[in-house]
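*Asks:* Following this message is one structure expressed as structure tokens.
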Amino acid sequence: MAPLSNLRQGKSSVISKIGDDISGTQRRRLLDLGIYPGATITHCFNSATGEPKAFEVLGSVIALRKEQTDFIFTLED
Amino acid sequence: MPSEHGLLSQTFRIRQLQKLGVNLDKWDFVVALAGNPNTGKSTVFNSLTGLRQHTGNWPGKTVTRAEGAFSYKDNRYKIVDLPGTYSLLSTSEDEEIARNFILFGQPDVTLIVADATRLERNLNLTLQILEITPNAVLCLNLMDEAKRKGIKINEKALQDRLGIPVITTTARYGDGMEALLYAIEQVATNAWPIQKRFKITVPKQLEESILALETDINALYPDLPNSRWIALRLLEGDERIIHALKNNELSALMKSYQQPPLDLSAEVEVLNEETK
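So the protein lines, in turn, are chains F and P. Quick note: the first sequence, position 23, residue 23 per the working numbering, numbers continuous. Numbering-wise, the working numbering comes out as the position in the second sequence, counting from 1, plus 1000.
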């Protein structure tokens, strides 16, 4: 497993786990947006400052911050 | 409505449909229009009411709710276009508007408009709505795009699983709208078979906790229509619901939806002007 923050731009992987550091409404929010184990996620592009980063999941592009991507894990490719 | 309402009404005419625009004097049934952002809710709204509520290909376009009316066969319907959301758990103002209306406005039918090309994403909100009310219709919109992408959907299977009518449409060309009207009528008039309706089953222990809480909630707030939903949120530790319950905000909210409806026709007129 590798944190989502390590996924290189243009690459896709499958989400394997949302870490316990993300809990409560924040965890639920991510699940509602399609961040759940088994979903395929693609690192699309970065904002000018490098953070947040844009990811495509279930056909929509969403922005995630390092505080979140460090605790979302994907399968190694 | 006359043909000055443009392309949509020219391409889309149904014999027993009368588009009533903002003529909201009286109605038999209330339809809430819900769905993810950018699935074509406003296009469905416009094609049923003959209005030209702003439609556009960007999320967050419908920031408050817009209301319109139509009649189909013998009944008049008020239709309320809600902001597009991915969830009803109220982490933003949009979600709160949509959720409060479905929860406290108690529409006769909640019409869920889903993007047929992103079904998996759209079904999350569908299930959250079915958790609140079984009186819903699922409209799988943007079928033209789905066909172009080679996506095939077994809507009959989906209908059997969800227990609500599932109708495929391409609202911008009026495709499937007659079937959609028929489904809305079926649910509104209780003609849709009740035994088919969806029920989320939960583990026994959780069910017991829900029932215990529900009993308490019902004792405290006998008028609350969705004590089961409130109980589930309390068990999840939803701070906003806990706060609202403590401060008696829920009863106030509910009452605000039972008042005569807000006259939002002026707002829609302004939108009409803007699009001219």
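Every residue gets a Cβ at the ideal spot worked out from N, C-alpha and C, and that includes glycine. Given the structure is predicted, the values throughout are model-derived calculations rather than measurements.
For L1017 (chain P), does the three-state DSSP call read helix, strand or coil?
*Replies:* Position 17 of the second sequence holds residue 1017 (chain P). Three-state DSSP puts L1017 (chain P) in a strand.
*Asks:* Less than 8 Å separating the beta-carbons of D32 (chain F) and L1089 (chain P)?
*Replies:* In the first sequence, the residue the question calls residue 32 (chain F) occupies position 32. In the second sequence, the residue the question calls residue 1089 (chain P) occupies position 89. Cβ distance < 8 Å, so D32 (chain F) and L1089 (chain P) count as in contact.
*Asks:* Report yes if the C-beta distance between A39 (chain F) and V61 (chain F) is below 8 Å; otherwise report no.
*Replies:* For the purposes of this step, residue 39 (chain F) is taken as the residue at position 39 of the first sequence. For the purposes of this step, residue 61 (chain F) is taken as the residue at position 61 of the first sequence. Cβ atoms of A39 (chain F) and V61 (chain F): not closer than 8 Å.
*Asks:* I need the DSSP call for V1109 (chain P), collapsed to helix, strand or coil.
*Replies:* In the second sequence, the residue the question calls residue 1109 (chain P) occupies position 109. Residue state, collapsed to three classes: strand.
*Asks:* Consider the Cβ of S1009 (chain P): report whether some Cβ of chain F lies at a distance smaller than 8 Å.
*Replies:* Here residue 1009 (chain P) refers to the residue found at position 9 when the second sequence is read from its first residue. For S1009 (chain P), the pLDDT reaches just 44, beneath the cut-off of 50, and the residue's location in the model is therefore unreliable, although a value from the coordinates is still provided. Chain F, which has no Cβ nearer than 8 Å to the Cβ of S1009 (chain P), makes this no.
*Asks:* Under the assumption that T1282 (chain P) contacts G1084 (chain P) (Cβ atoms under 8 Å), give the Cβ distance between them as a whole number of angstroms.
*Replies:* Nothing about residue 1282 (chain P) can be read from this structure; chain P reaches only from 1001 to 1276.
*Asks:* Determine, using beta carbons only, whether A1032 (chain P) and V1080 (chain P) come nearer to each other than 8 Å.
*Replies:* As a first step, residue 1032 (chain P) is located in the second sequence; it is residue number 32 there, counting from the start. As a first step, residue 1080 (chain P) is located in the second sequence; it is residue number 80 there, counting from the start. Closer than 8 Å, so yes.
*Asks:* Using DSSP with H/G/I as helix, E/B as strand and the rest coil, what is S23 (chain F)?
*Replies:* Numbered from its first residue, the first sequence carries residue 23 (chain F) at position 23. S23 (chain F): coil per DSSP, three-state reduction.
*Asks:* Would a check of beta-carbon distances place S1227 (chain P) closer than 8 Å to chain F?
*Replies:* By 1-based counting over the second sequence, the position of residue 1227 (chain P) is 227. Answer no: the Cβ-Cβ gap between S1227 (chain P) and chain F never drops below 8 Å.
*Asks:* As an exercise, report each continuous beta strand (DSSP E) stretch of at least 3 residues that is fully enclosed by the stretch 1112-1172 of chain P, in chain order.
*Replies:* Whole beta strand (DSSP E) segments, 3+ residues: 1136-1141 and 1166-1168.
*Asks:* Report the three-state DSSP secondary structure of L1224 (chain P) (helix, strand or coil).
*Replies:* For the purposes of this step, residue 1224 (chain P) is identified with residue 224 of the second sequence, where counting begins at 1. Residue state, collapsed to three classes: coil.
*Asks:* Using the beta-carbon of each residue, which ones in chain P are nearer than 7 Å to G34 (chain F)?
*Replies:* Within the first sequence, the letter at position 34 stands for residue 34 (chain F). Ordered by position in chain P, the residues that pass the 7 Å Cβ test against G34 (chain F) are R1121.
*Asks:* May I ask you to check if the CB of V1137 (chain P) is nearer than 7 Å to at least one heavy atom of the ligand PLP?
*Replies:* Judged by which ligands are present, the structure shown has none, so any question about the ligand PLP falls away.
*Asks:* Which bits of chain F does Y1072 (chain P) rub up against, with CB to CB less than 8 Å?
*Replies:* Here residue 1072 (chain P) refers to the residue found at position 72 when the second sequence is read from its first residue. Under the 8 Å cutoff, chain F gives no residues; its nearest Cβ is about 32 Å from Y1072 (chain P).
*Asks:* Between the alpha carbons of I35 (chain F) and T74 (chain F), how many angstroms are there, rounded?
*Replies:* For this step, residue 35 (chain F) is matched to residue 35 along the first sequence. For this step, residue 74 (chain F) is matched to residue 74 along the first sequence. Roughly 11 Å separates the two Cα atoms.
*Asks:* Would you mind telling me which residues of chain P sit closer than 7 Å to R28 (chain F), beta carbon to beta carbon, in chain order?
*Replies:* Position 28 of the first sequence, counted from the first residue, corresponds to residue 28 (chain F). Near R28 (chain F) (Cβ distances below 7 Å), the residues of chain P are L1089.
*Asks:* Identify whether F45 (chain F) lies in helix, strand or coil by the three-state DSSP scheme.
*Replies:* By one-based count along the first sequence, residue 45 (chain F) stands at place 45. If DSSP states are grouped into helix, strand and coil, F45 (chain F) belongs with the strands.
*Asks:* Leaving out five residues on either side along the sequence, give the residues of the same chain with a beta carbon under 8 Å from the beta carbon of S1256 (chain P).
*Replies:* Within the second sequence, residue 1256 (chain P) is the residue found at index 256, counting from 1. Same-chain partners within the cutoff: F1104.
*Asks:* Just the Cα atoms here: how many angstroms apart are A54 (chain F) and F1101 (chain P)?
*Replies:* As a working note, residue 54 (chain F) is residue 54 in the first sequence. As a working note, residue 1101 (chain P) is residue 101 in the second sequence. In a straight line, the C-alpha of A54 (chain F) is about 32 Å away from that of F1101 (chain P).
*Asks:* Taking only beta-carbon positions, decide if S47 (chain F) is within less than 8 Å of chain P.
*Replies:* As a first step, residue 47 (chain F) must be located in the first sequence, where it is residue number 47. No, no contact with chain P.
*Asks:* Taking only runs of the alpha helix (DSSP H) that begin and end inside the stretch 1026-1098 of chain P, which ones reach a length of at least 4 residues, in chain order?
*Replies:* Taking only runs of at least 4 residues, the alpha helix (DSSP H) segments lying wholly in the stretch 1026-1098 of chain P are 1041-1049.
*Asks:* Can you give me the start and stop residues for the beta strand (DSSP E) that Y64 (chain F) sits inside?
*Replies:* As a working note, residue 64 (chain F) is residue 64 in the first sequence. Note that residue 64 (chain F) is Leu in the sequence shown here, rather than Tyr. Segment S60 to L64, the beta strand (DSSP E) holding L64 (chain F).
*Asks:* Do A1034 (chain P) and I1129 (chain P) have their beta-carbon atoms positioned less than 8 Å apart in this structure?
*Replies:* Taking the first residue of the second sequence as 1, we reach residue 1129 (chain P) at position 129. Taking the first residue of the second sequence as 1, we reach residue 1034 (chain P) at position 34. Yes, they are a contact pair.
*Asks:* So, for L1007 (chain P): in the same chain, excluding its five sequence neighbours on each side, which residues have a beta-carbon less than 8 Å away from its beta-carbon?
*Replies:* Walking along the second sequence from the start, residue 1007 (chain P) turns up at place 7. Confidence in L1007 (chain P) is poor, its pLDDT being 47 and thus under 50, which makes the residue's placement unreliable; the coordinate value appears in the next sentence. Once the five neighbours on either side are set aside, L1007 (chain P) has no close Cβ partner at all.
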